[in-house]
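Following: one structure in structure tokens, then a few remarks.
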């Protein structure tokens with residue numbers, strides 16, 4: 001995988017300043033050295049939205065674990081009640097400069113490339129709602145366990161906001177639920193209550209909230225029982241084609257995002273959506 | 001999408017003659033301007049077979065709706081009892097000239113390209129049996145509702161007639177039911193009773209006949225609740241690869257069809273099949 | 001399909017010696033001329049492992065049937081109690097020369113190319129466990145019937161042995177069970193008890209052991225009711241892309257196999273696995 005863009009832009013000769021790139025207040029990372037399993041707990045209230053800061057911290061944390069030989073698996077979960085992650089932070093896409101849109105979108109790409117392509121076993125322990133980009137994080141893991149509460153929903157609901165899920169969100173979704181379910185859900189921008197999400201294969205298993213952590217650990221142990229090397233090569237064989245499609249079209253995808261998001265009609269849709277969210281509170 | 005072939009062949013300078021291309025007695029089109037929903041009702045007894053006339057009228061009607069800003073969705077249904085559409089008209093493929101086969105096949109292609117690629121929301125309200133090309137019409141819509149009567153069957157049964165479904169019939173089918181179900185059903189030329197069709201995902205929903213219209217309208221309203229632009233881009237993202245495959249191989253596909261259909265063994269199969277149909281009556 | 005390699009190496013001018021290539025003691029082939037259905041019964045105790053000899057005999061037998069106009073379908077089953085086939089013979093992959101590995105792997109490829117691409121109707125009557133290469137044989141047929149006993153398991157469990165299923169094993173698996181089920185099962189090296197195998201679509205039907213033969217014959221009759229020509233063209237349309245991928249990368253795949261299997265770490269894994277199997281007895 002290509003070196004992560006932000007680090008490369010560090011001016012040479014200057015001391016490595018621990019600015020945003022080293023923030024560590026949005027995700028709590030704990031590594032259990034005895035089992036080799038880390039937990040990344042999202043703690044960015046109110047809704048764990050995927051801001052540039054959040055994504056930056058996510059990528060750095062994941063890379064550290066990836067390079068740590070003591071770590072073989074990661075559980076993603078939330079420290080915020082009732083929400084896993086609300087998806088991409090709309091404020092990063094509204095009224096900003098082209099440069100900002102580009103930087104933000106590269107961070108979104110990087111997050112997915114690192115997570116979907118991770119050599120570690122990745123388990124999503126989904127303890128709350130998980131729309132749009134939050135759903136993508138879950139879809140990119142090897143296994144998804146969700147709290148059985150039907151008030152918690154998950155899905156790629158971009159169309160509801162008047163925007164379109166990028167092709168690699170779609171590709172990831174199709175590999176999990178199949179073409180037909182994806183076509184319908186993406187066009188309707190469906191948010192699936194947990195029981196429906198399991199029925200269509202979007203999540204693998206439902207558990208009561210108090211059993212979630214225990215279940216994630218048990219599933220992780222099952223996956224870690226396999227020899228790492230064979231499992232990693234197998235995972236790579238399954239995911240390479242989808243990863244390669246974005247790698248081959250990465251800059252084009254950035255340009256498409258900028259040109260789409262900077263349209264006045266889209267900006268207006270997003271502003272209206274944010275107003276609606278504010279009134280909801 | 002490319003301009004529709006027939007219109008282009010209109011001699012320049014001559015008055016636009018309302019010949020076959022403007023027949024409007026095989027499909028009843030009604031547009032409810034308040035909801036933006038049109039209904040195309042097939043009324044070509046005895047079995048709504050897809051003759052060159054029918055397909056021509058279908059394409060022209062669909063294009064008119066597509067270009068009508070007051071129209072956002074189309075419901076396809078039948079005015080003939082117990083049959084949605086019996087599929088391609090075999091008389092068009094039997095004992096005709098090469099030119100006729102080519103013209104007919106281009107109309108079949110055009111029908112699918114327009115319907116599968118339509119920007120409108122398309123709902124099939126399947127109120128009768130729907131073999132072969134009739135099934136393709138339904139498969140090309142965004143949503144399929146079928147009357148629950150198990151006497152009504154649907155499927156790509158070409159193999160039963162000794163012929164082979166074209167690759168783009170197959171591609172469309174695979175995106176709906178998946179590779180395994182398609183492989184088995186295509187080889188067996190299966191016609192699925194409505195309940196089985198729903199079980200394998202070939203239709204989305206079953207309803208009693210008297211509820212069909214009401215259900216189609218309700219489903220349409222759900223799909224039209226989404227912003228058109230985002231929904232259309234999403235639909236196009238999902239269907240582009242399959243559409244492009246035929247666009248790239250269109251003339252080759254015409255040649256293949258002609259060379260296949262004009263084989264004496266195939267002509268004999270089709271004649272036998274027609275004899276059988278006549279005796280059935 | 002390319003001519004089968006081994007025969008070509010027969011020295012010219014010499015009488016055609018019935019050496020290994022003509023062994024016929026590992027598979028019992030019976031052809032019922034009245035129905036046009038052959039049965040290939042694996043009788044290579046203790047576990048019908050796919051040795052070079054077995055694969056050679058399999059290819060030759062299949063080719064003979066393929067070229068026999070009296071034969072339209074083949075049922076694969078086992079004459080050894082409680083096992084369909086244990087998969088590739090590990091002794092062929094352990095402590096042998098590079099030449100041997102290459103010869104063995106070409107035979108594995110050839111077996112799959114012939115079976116997956118067969119013009120005949122192929123039905124697997126799975127009367128016992130069927131891991132790894134045994135599962136591949138079943139996956140390559142048109143239809144899979146398994147004895148309902150949950151003690152019998154089936155799956156591509158290569159990852160459990162520390163090795164990786166080749167891409168064309170994976171492709172075949174994905175066309176049958178879909179991407180998501182395949183991704184999980186391949187990474188975990190899952191062996192599915194018969195009822196679970198049916199639930200995920202890995203086998204089509206379960207029957208009591210005493211009904212297996214009767215059921216296979218009935219299914220075969222259903223498939224043979226279709227005209228051969230249309231059915232064969234349809235099968236080829238469905239399978240060509242997957243077949244072509246191996247045909248295009250065949251020598252590369254041989255090299256990959258040799259370089260992987262001759263690694264000391266892999267050899268060690270396989271030796272340990274064989275030790276474990278011996279102790280089990």
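Residue numbers (full-length UniProt numbering), protein chains in the order written: chain A, 1 to 281; chain B, 1 to 281; chain C, 1 to 281.
Cβ coordinates follow ideal geometry from the N, Cα and C atoms, glycine included.
Residue-chain proximity (residue i, chain C), Cβ-Cβ < 7 Å
{"i": "residue 113 of chain A", "result": "no"}
{"i": "residue 73 of chain A", "result": "no"}
{"i": "residue 330 of chain A", "result": "Because residue 330 of chain A is not part of the residues shown, which for chain A are 1 to 281, the question remains open."}
{"i": "residue 206 of chain A", "result": "no"}
{"i": "residue 226 of chain A", "result": "yes"}
Below-7 Å beta-carbon distance, residue i vs any chain A residue
{"i": "residue 109 of chain C", "result": "no"}
Sub-7 Å separation of residue i and residue j beta-carbons
{"i": "residue 79 of chain B", "j": "residue 26 of chain B", "result": "no"}
{"i": "residue 126 of chain A", "j": "residue 84 of chain A", "result": "yes"}
{"i": "residue 39 of chain B", "j": "residue 75 of chain B", "result": "yes"}
{"i": "residue 234 of chain C", "j": "residue 164 of chain B", "result": "yes"}
{"i": "residue 153 of chain A", "j": "residue 129 of chain A", "result": "yes"}
{"i": "residue 87 of chain C", "j": "residue 230 of chain A", "result": "no"}
{"i": "residue 232 of chain C", "j": "residue 119 of chain C", "result": "yes"}
{"i": "residue 73 of chain C", "j": "residue 29 of chain C", "result": "no"}
{"i": "residue 202 of chain B", "j": "residue 177 of chain B", "result": "yes"}
{"i": "residue 147 of chain B", "j": "residue 212 of chain B", "result": "yes"}
{"i": "residue 55 of chain A", "j": "residue 102 of chain A", "result": "no"}
{"i": "residue 243 of chain C", "j": "residue 117 of chain C", "result": "yes"}
{"i": "residue 131 of chain C", "j": "residue 191 of chain C", "result": "yes"}
{"i": "residue 115 of chain B", "j": "residue 156 of chain B", "result": "no"}
{"i": "residue 143 of chain C", "j": "residue 53 of chain C", "result": "no"}
{"i": "residue 37 of chain A", "j": "residue 272 of chain A", "result": "no"}
{"i": "residue 237 of chain C", "j": "residue 183 of chain B", "result": "no"}
{"i": "residue 218 of chain B", "j": "residue 226 of chain C", "result": "no"}
{"i": "residue 197 of chain A", "j": "residue 123 of chain A", "result": "no"}
{"i": "residue 31 of chain A", "j": "residue 89 of chain A", "result": "no"}
{"i": "residue 174 of chain A", "j": "residue 200 of chain A", "result": "no"}
{"i": "residue 94 of chain A", "j": "residue 277 of chain A", "result": "no"}
{"i": "residue 257 of chain A", "j": "residue 105 of chain A", "result": "yes"}
{"i": "residue 59 of chain A", "j": "residue 65 of chain A", "result": "no"}
{"i": "residue 168 of chain A", "j": "residue 62 of chain A", "result": "no"}
Residues that DSSP places opposite residue i in a beta bridge
{"i": "residue 193 of chain A", "result": "A/153"}
{"i": "residue 126 of chain B", "result": "B/146"}
{"i": "residue 83 of chain C", "result": "C/129"}
{"i": "residue 205 of chain A", "result": "A/145"}
{"i": "residue 121 of chain B", "result": "B/73"}
{"i": "residue 88 of chain B", "result": "B/50"}
Neighbour flag for residue i against chain B, beta carbons, 7 Å
{"i": "residue 131 of chain C", "result": "no"}
By the 8 Å beta-carbon criterion, what residues does the region 156-182 of chain B contribute toward chain C?
158, 159, 160, 161, 162, 163, 164, 165, 167, 170, 178, 179, 180, 182
Select from the region 231-245 of chain B all residues with a C-beta closer than 7 Å to any C-beta belonging to chain A, and list them in chain order.
231, 233, 234, 235, 237, 238
Ranges of the beta strand (DSSP E) found wholly within the region 214-260 of chain B, counting only runs of at least 3:
none
Please list, in chain order, the residues of the region 185-197 of chain C that have any C-beta partner in chain A closer than 9 Å.
186, 187, 188, 189
Quick one: which unbroken alpha helix (DSSP H) runs of 4-plus residues sit fully inside the region 15-77 of chain C? Chain order, please.
52-66
Give me the subset of the region 23-48 of chain C whose CB atoms are less than 9 Å from a CB atom of chain B, sorted by chain position.
none
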